[in-house]
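Residue numbers (this note's numbering): -15 to 140. Ideal placement from N, C-alpha and C gives every residue a C-beta, glycine not left out. Here's the structure we're looking at; comments come further down.
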Amino acid sequence: MIAFLGRPDAERRGSEFGGPPFRALGYECSRSHKDDAFPQLETSRGRSGPSCRTVFWINERTGTLGDFYTTSRRYSESHGVRIGMKTAEAEHLLGQRVFVGCEASIPLGKLPLTIAFSGGAPRKTHPSSALHLIGGHVYAFVLHGLYSDVGIFDCL
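Structure representation (structure tokens):
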């Protein structure tokens, strides 16, 4: 990561509720909490900063990418989905609908990537009781390492 992106704005070491130890590399970071940024560490008193728009969590046991989070517009998904894109446009590109559960998101099949959405309103889809997101936009990309997940995201 560092060879490609340069030195991180912030770097922390930790572990998530008994999970494997990780090294968190943060980019586009701020000391203050921002809605489009994610804190690098979880402590007994909650998540703590700095908060970064992009974080790579490296599993220190395997030396591989554990988890990834970004709200930065410099990243895009292989179908052309981008941060800030309207929900309907992302659904069209992916050929899937956004459903609301723990979060409003589209998990991409066998891939460990999840696209998260915000804004909009959930609406029932008939005849099922599933809630489809109407409106809103792509908020974040979240990636779980297939064999090296460090447990940052329990809902995405």
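- Of the residues assessed, Asp138 falls on the exposed side of the cut-off, its CB having fewer than 16 other CB atoms within 10 angstroms.
- When DSSP states are grouped into helix, strand and coil, Leu(-11) belongs to the helix group.
- Less than 7 Å separates the beta-carbon of Ser89 from that of Ala100.
- If you check the CB distance, Leu(-11) and Phe52 do not come in under 7 Å.
- In this structure, the CA atom of Tyr11 is about 42 Å from the CA atom of His110.
- Per the Cβ contact rule, the stretch 112 to 124 is in contact with the stretch 62 to 78 (3 or more Cβ pairs under 8 Å).
- Each of Gly3, Pro(-8), Glu(-5) and Arg(-3) was checked against the Cα of Gly135, and the nearest Cα belongs to Gly3.
- The C-beta of Ser132 has 16 or more other C-beta atoms within 10 Å across all chains shown, which makes the residue buried.
- Setting aside the 5 residues that flank it on each side, Thr71 is surrounded in the same chain by Val82, Phe101, Gly104, Leu117, Gly119, Gly120 and His121, each with a C-beta closer than 7 Å to its C-beta; the list follows chain order.
- In this structure, the alpha-carbon of Ala8 lies about 15 Å from that of Phe1.
- Look at Ala72 here: in three-state DSSP terms it is helix.
- By the neighbour-count definition (other C-beta atoms within 10 Å, threshold 16), Cys86 is an exposed residue.
- Every alpha helix (DSSP H) stretch that sits fully inside the stretch 39 to 104 and reaches 4 residues is listed by chain position as 71 to 78.
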